[in-house]
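**Q**
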Amino acid sequence: MSGSQSPATSEPTTSESTTSGKIPVTVLTGYLGAGKTTLLNRILTENHGKRYAVIVNEFGEIGIDNDLVVGADEEVFEMNNGCVCCTVRGDLIRIMDGLVKRRGKFDAIIVETTGLADPAPVAQTFFVDQDVGEAARLDAVVTVADAKWLSERLKDAPEAKNQVAFADVILLNKADLVSEADLARVEGEIRAINPYAKLHRTTNCDVPIDAVLGRNAFDLGRILDLEPDFLEEGHHHHHDDDMQSFSARIDGPVDPEKFMPWISNLTTIQGPDILRCKGIVSFPDEPHRFVFQGVHMILDGDLQAEWKAGEDRSSRVVFIGRKLDAEAIKAGFLDCAA
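What the sequence shown shows, in UniProt numbering, is residues 1 to 338, in sequence order.
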């Protein structure tokens, strides 16, 4: 983790690091009534043999209904500051610090945000706070979407669109309540915002637990092993009026002396409009792949798995955001070619 306290100095490092030993954290988000609590209960009652600490962010002064979150062995913590923003980030850091001191008593952490929340500040917490970043890693952002009402929410609720854009995994829930044609249309709307998330159609959030937990969704090397065309230009053909998603590729390595300042400068200047960025790049004479991800102005990156013998060592990046000059960003990336 970068562990930087200021976005202006959030340039990723190239030091060798590993996620082993860090507590995996899943951020569970989705608009009001989509089914987040149903998914949480399913996770906590499945016979998986794991223990989870649960952090719940309730909107308003009334905390979580403990009758809804089940599992006597689970740890439940509440953040009552309402919308997840900088105030709640401080709350989250405080709770995380307490959990880190009790590590070993649980296997992973689940953070359930309020339905009115933008997930960005929660995700950023794992990059900007050094202690949290050293102890925990963001495993995935999982968004539950209501198949019946998502189209309406995408029109009138910016938070709903952000929740889709930030997701690594999306559950299109209540799929039994709409027709096949409507499901296909809603999936098209989701793909127009975020072509890169793993999408599941669900009823009552009935999905295998390993589809939402233990995803290691930020290990792009793992994703590329599963879906080799994940970052391919032209693989996705949807677009959204105000939300953009695009990728770029260099058939070979990038010059770190060019790439690092470029990506750092880009996210510093255009960070408010960049919801998510991620990529896997090759450096000359470096046996390990450099993997980075960003949330707005916060960047995190390090060297991960080694390139395999004979593997295509191309460099690929993905951006999701608003009001971005896609062609200029692609050109800037191409200028980083070694």
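Note that CB positions come from ideal geometry on N, CA and C, so glycine has one too.
1) Hey, could you find the ends of the alpha helix (DSSP H) D206 is sitting in?
2) So, at 8 Å on beta carbons, what are the nonlocal neighbours of A326 in its own chain, with the 5 sequence-adjacent residues on each side left out?
3) Which residue spans inside the region 124-184 form an unbroken alpha helix (DSSP H) run of at least 4?
4) Where does A140 land, buried or exposed, given buried means 16+ other C-beta within 10 angstroms?
5) Does the beta carbon of V254 fall short of 7 Å from some heavy atom of the ligand ADP?
6) Do T267 and G301 count as a contact pair if the criterion is CB distance below 8 Å?
7) To the nearest angstrom, report how far apart I170 and A309 are at their CA atoms.
8) Our contact map puts V122 next to V27 with C-beta atoms below 8 Å; I'd like the distance itself, whole angstroms only.
9) Helix or strand or just coil, what does DSSP make of K198?
10) Going straight from the alpha carbon of C86 to that of A120, what length do you get?
11) Helix, strand or coil: how does DSSP classify K22 here?
12) Please return the same chain residues whose Cβ sits closer than 8 Å to the Cβ of S151, not counting the five positions on each side in sequence.
13) What are the start and end residues of each continuous alpha helix (DSSP H) run of 4 or more residues lying completely inside the region 262-307, in chain order?
14) Under 6 Å Cβ to Cβ from G35, same chain only, skipping five residues before and after it: list those, please.
15) Classify T37 as buried or exposed, calling it buried when 16 or more other Cβ atoms lie within 10 Å of its own Cβ.
16) What is the DSSP secondary structure of V92, reduced to helix, strand or coil?
17) Between which two residues does the alpha helix (DSSP H) holding I321 run?
**A** Let me spell this out:
1) No alpha helix (DSSP H) contains D206, which DSSP labels as neither H nor E.
2) Within the same chain, A326 has close Cβ partners Q244, F246, F319.
3) Within the region 124-184, the complete alpha helix (DSSP H) runs of at least 4 residues are 130-135, 150-156, 158-166.
4) By the neighbour-count rule (16 or more Cβ atoms within 10 Å), A140 is buried.
5) With respect to the ligand ADP, the structure offers nothing, as it holds no ligand at all.
6) Contact flag unset, no.
7) One C-alpha to the other measures close to 34 Å.
8) The C-beta separation of V122 from V27 comes to about 5 Å, placing the pair in contact by the 8 Å criterion.
9) DSSP places K198 in strand when its eight states are reduced to three.
10) At C86 the pLDDT is 46, less than 50, meaning the model places this residue with poor confidence; the figure from the coordinates comes in the next sentence. Rounded to the nearest angstrom, the two C-alpha atoms are 10 Å apart.
11) Residue state for K22 is assigned as coil, using DSSP reduced to three classes.
12) Same-chain partners within the cutoff: R185, V186, E189.
13) Segments of the alpha helix (DSSP H) lying fully in the region 262-307: there are none.
14) In chain order, V144, N173, C205 place their CB closer than 6 Å to the CB of G35, counting only its own chain and leaving out the 5 sequence neighbours on each side.
15) T37 should be labelled buried.
16) With the sequence shown as reference, residue 92 is identified as Leu, and Val is not the correct amino acid for it. L92: helix per DSSP, three-state reduction.
17) First, the residue type needs correcting, since residue 321 is Gly and not Ile in the sequence shown. Where G321 is concerned, there is no enclosing alpha helix (DSSP H), although the beta strand (DSSP E) it sits in stretches over 315-321.
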